[in-house]
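The opening residue of the sequence shown carries number 72 in the numbering used here; numbering runs sequentially from there. Structure, as structure tokens:
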Amino acid sequence: MQPVEIYTSPLCGYCHAAKRLLGAKGVSFTEIDVSRDPAQRDTMVSRSGGARTVPQIFIGDIHVGGCDDLHALDRRGQLDPLLKG
Numbered sequence: 072m073q074p075v076e077i078y079t080s081p082l083c084g085y086c087h088a089a090k091r092l093l094g095a096k097g098v099s100f101t102e103i104d105v106s107r108d109p110a111q112r113d114t115m116v117s118r119s120g121g122a123r124t125v126p127q128i129f130i131g132d133i134h135v136g137g138c139d140d141l142h143a144l145d146r147r148g149q150l151d152p153l154l155k156g
């Protein structure tokens, strides 16, 4: 299973939806709360190529994007293979 990292903030509904999808698939992930650490937000923006909104999701070395992107991958049947590597 590929490592999954998700940059979030506590009041973000899209963050909660993305985490619910990952949880429903039994995927463990590392959550990075950018609201409490400006340096982590800077890291997120750098890693994502400039994206400033949360969530920003990474599976292995691949930047998936946000919640809508994660759900779109799942609908196309591409999320599970990506998670497996």
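Backbone N, C-alpha and C define an ideal beta-carbon position, used for all residues, glycine too. Remember, it's a predicted structure, so these values are computed and weren't measured experimentally.
Between 97, 84, 109 and 148, which has its C-alpha nearest residue 75's C-alpha? Your numbering for residue 75 matches position 4 in the sequence shown. Here the closest residue by C-alpha is 97.
For the alpha helix (DSSP H) containing residue 111, list its first residue and its last residue. For the purposes of this step, residue 111 is identified with residue 40 of the sequence shown, where counting begins at 1. Where residue 111 is concerned, the enclosing alpha helix (DSSP H) stretches over 109-118.
The alpha helix (DSSP H) with residue 84 in it runs from where to where? Numbered from 1 along the sequence shown, position 13 holds the residue referred to as residue 84. Unbroken alpha helix (DSSP H) run through residue 84: 84-95.
Please list, in chain order, all residues of the same chain as residue 89 whose beta carbon is under 7 angstroms from its beta carbon, the five residues on each side excluded. The sequence position of residue 89 within the sequence shown is 18, counting from 1. Cβ neighbours of residue 89 beyond the five flanking positions: 77, 126, 128, 138 and 141.
May I have the straight-line CA-CA distance separating residue 124 from residue 149, to the nearest angstrom? Position 53 of the sequence shown, counting from 1, holds the residue named residue 124. Position 78 of the sequence shown, counting from 1, holds the residue named residue 149. Between residue 124 and residue 149, the C-alpha separation is close to 23 angstroms.
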